[in-house]
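Throughout, the working numbering is defined as the position within the sequence shown, counted from one, plus 4. Reading through the structure tokens given below for one structure.
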Amino acid sequence: MQGGNEKQPDREEVLQKEIAALREEIEKLKRETRYVLPKETTMPDATSMELEQCARNEHCPEIEESMVEIKDKMKEWQTLMVMPDFTELKSEDIWANDGTFQVWKRQQLQQMEDMSSMVISVLQCQQKLSEEREKKATELKKRKQEYVQVECMCETQLQTKEQLKAQVEICFRQCVDAIQKWNDFVTKKIQTKKEVRLLQHALDMRQTLDMQCEEHFNKLKEWNELMEQQIYKKDEWIADMYEQLQKTWYKWTPQEITVFMAQTLKCEKAEMSKLHGLLCKHNINGQSLLSISKKEFIDIFQIQSFAKASLIFDNIHKIAAKYPIPNGQQQKREPDPTIPTEFLCPLSKTIMNDPVIALDQITYDRLSLQNFCRDKTNPLSPCNGKPLTKNGELLLYSNHSLRRRIQQCAKVIFFWFCKNLEHNTIHIKVIFFEKSVSHFKLHSIQKE
5 MQGGNEKQPD REEVLQKEIA ALREEIEKLK RETRYVLPKE TTMPDATSME
55 LEQCARNEHC PEIEESMVEI KDKMKEWQTL MVMPDFTELK SEDIWANDGT
105 FQVWKRQQLQ QMEDMSSMVI SVLQCQQKLS EEREKKATEL KKRKQEYVQV
155 ECMCETQLQT KEQLKAQVEI CFRQCVDAIQ KWNDFVTKKI QTKKEVRLLQ
205 HALDMRQTLD MQCEEHFNKL KEWNELMEQQ IYKKDEWIAD MYEQLQKTWY
255 KWTPQEITVF MAQTLKCEKA EMSKLHGLLC KHNINGQSLL SISKKEFIDI
305 FQIQSFAKAS LIFDNIHKIA AKYPIPNGQQ QKREPDPTIP TEFLCPLSKT
355 IMNDPVIALD QITYDRLSLQ NFCRDKTNPL SPCNGKPLTK NGELLLYSNH
405 SLRRRIQQCA KVIFFWFCKN LEHNTIHIKV IFFEKSVSHF KLHSIQKE
């Protein structure tokens, strides 16, 4: 028993000596080795917080606010798209300038005015997104190429590192340098990979906004065409009713004469009621209306302006000449007024039959622009050099508001020329609106 206890301390002594020798050898190696192996760098990916920070930095507040505003406006307009039933309206609501029909019509025209400006806003957003998208795509491509190059360099340097590790005593300095280079390249690779992911995320966001712009553009275009058809049908209906009324002018009652005068002078409801009372008081019918002079119009109907009395006088005589009781001469056409320059197409320099807004935000005549872009791969705007097509397609938006202004201006000029015609024989041209087609035509006729 005593002998066993003596051996145990001896073994512990040996272990302590061996540990001390190992420590001394480690210290000796530390003193002899001048280089320390650096810690190898790992390759973490971009965190979700970094992606969220990128989304906050890369989002487009102006375009997103414009999209929200356009979307809200479209929701508001969608409630106004229902067309009221005009067949149940009273005469005043149809013919009066402040009647239900005219109020609805003005609302629709104002809405279409807003749509034209909103289309231009959508096109501007699309253009800005397209420019940013191209810029981000170019930067992404460059970063991807850089990432591939850095990755190849990392792989090459990794092989060098592994070879040098096998020759630690011979190539220890080279191994340390290789590891340091490896760390540098990995750091650059991590940064490049993060930038690639962030740029890809930004590009995806802009692609989504561009799709929303395209959807809004198509919806606005569809609504514009629908409202144009509705207004055209109602205008055609009113024109047909007024034409039928003109054909029976010699049978007009005070009520029908009131409609004629309201249409001529653009009267309000109160004025129509006043005119109807005066007609009944003086017992005036269609044929007796023809014998009233301009001065009598002023006295009887209490018209303040001589021009208005002249307009009524001229119109009733024109209707009587156009639709005589016996067989008579047809009404002669009036002269061609000067066409305002704002109604001319920038390409053809002629009056626009079908004005449309192109991607360069400029209004052209549809046929002229189509002829200009024909046989051209990527046509550019002749006015500002911007692209006229998207994905090879020529996108056009009907400028119904401008077309309505062209029509209204032509009617005003037409009546002005009718008032100032001379009685001698002259050759004239006349601009008139055909109900079957939404544009103007020039015709040559002779006035006797």
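Yeah, the Cβ is synthetic: ideal placement off N, Cα and C, and Gly gets one too.
- Shown here, residue 254 sits in a helix according to DSSP, grouped into three states.
- By the Cβ-count criterion, residue 215 is exposed, with fewer than 16 other Cβ atoms from all chains shown falling within 10 Å of its own Cβ.
- When Cβ pairs closer than 8 Å are counted between the two stretches, the stretch 114-132 is seen not to touch the stretch 372-385, the count staying below three.
- When the beta-carbon positions are compared, residue 395 and residue 359 stay at least 7 Å from each other.
- Cβ atoms of residue 186 and residue 169 stay farther apart than 8 Å, at about 12 Å.
- The Cβ atoms of residue 280 and residue 258 sit closer than 7 Å to each other.
- When the beta-carbon positions are compared, residue 283 and residue 312 stay at least 7 Å from each other.
- DSSP places residue 367 outside any alpha helix (DSSP H); the residue lies instead in the beta strand (DSSP E), whose first and last residues are 367-369.
- The criterion of a C-beta distance shorter than 7 Å is not satisfied by residue 133 and residue 202.
- In summary, residue 378 is exposed, with fewer than 16 beta-carbon neighbours lying within 10 Å of its beta-carbon over all protein chains present.
- The shortest C-alpha to C-alpha distance from residue 409 to any of 320, 223 and 357 is the one to 357.
- Separation of the CB atoms of residue 351 and residue 391 is rounded to 16 Å, and the pair is thereby denied contact status at 8 Å.
- The secondary-structure analysis by DSSP pairs residue 393 across a beta bridge with 398.
- Cβ-Cβ distances below 6 Å link residue 199 to 147 in the same chain, with the five nearest sequence neighbours on each side left out; the list follows chain order.
- Judged by DSSP in its simplified three-state form, residue 74 adopts helix.
- Secondary-structure assignment with DSSP links residue 355 through a beta bridge to 348.
- In the three-state scheme derived from DSSP, where H, G and I count as helix and E and B as strand, residue 384 is classed as strand.
- Comparing alpha-carbon positions, the option among 349, 353, 374 and 354 lying closest to residue 367 turns out to be 349.
- In this structure, the alpha-carbon of residue 347 lies about 20 Å from that of residue 236.
- Residue 319: member of the alpha helix (DSSP H) spanning 310-326, first to last residue.
- The beta carbon of residue 407 sits closer than 6 Å to those of 359, all from its chain and outside the five residues before and after it, given in chain order.
- Here residue 361 carries a strand assignment [DSSP, helix/strand/coil].
- It is roughly 10 Å from the alpha-carbon of residue 277 to the alpha-carbon of residue 266.
- Residue 100 sits in coil when the DSSP states are folded into three classes, being neither helix nor strand.
- For residue 284, the uninterrupted alpha helix (DSSP H) run begins and ends at 273-286, by DSSP.
- The three-state secondary structure of residue 198, taken from DSSP, is helix.
- In this structure, the beta-carbon distance from residue 254 to residue 329 falls below 7 Å.
- Non-local C-beta neighbours of residue 296 in its own chain, meaning closer than 8 Å and more than five positions away in sequence, comprise 288, 304 and 317, ordered along the chain.
- Between residue 154 and residue 220, the C-beta gap is not smaller than 7 Å, which leaves the two residues out of contact.
- Looking from the CA of residue 150, the closest CA among 222, 197, 115 and 376 belongs to 197.
- A direct Cα-Cα distance of roughly 52 Å separates residue 22 from residue 152.
- In this structure, the beta-carbon distance from residue 405 to residue 78 does not fall below 7 Å.
- Its Cα nearest to that of residue 234, the residue 113 stands out among 205, 74 and 113.
- Taken through DSSP and simplified to helix, strand or coil, residue 248 comes out as helix.
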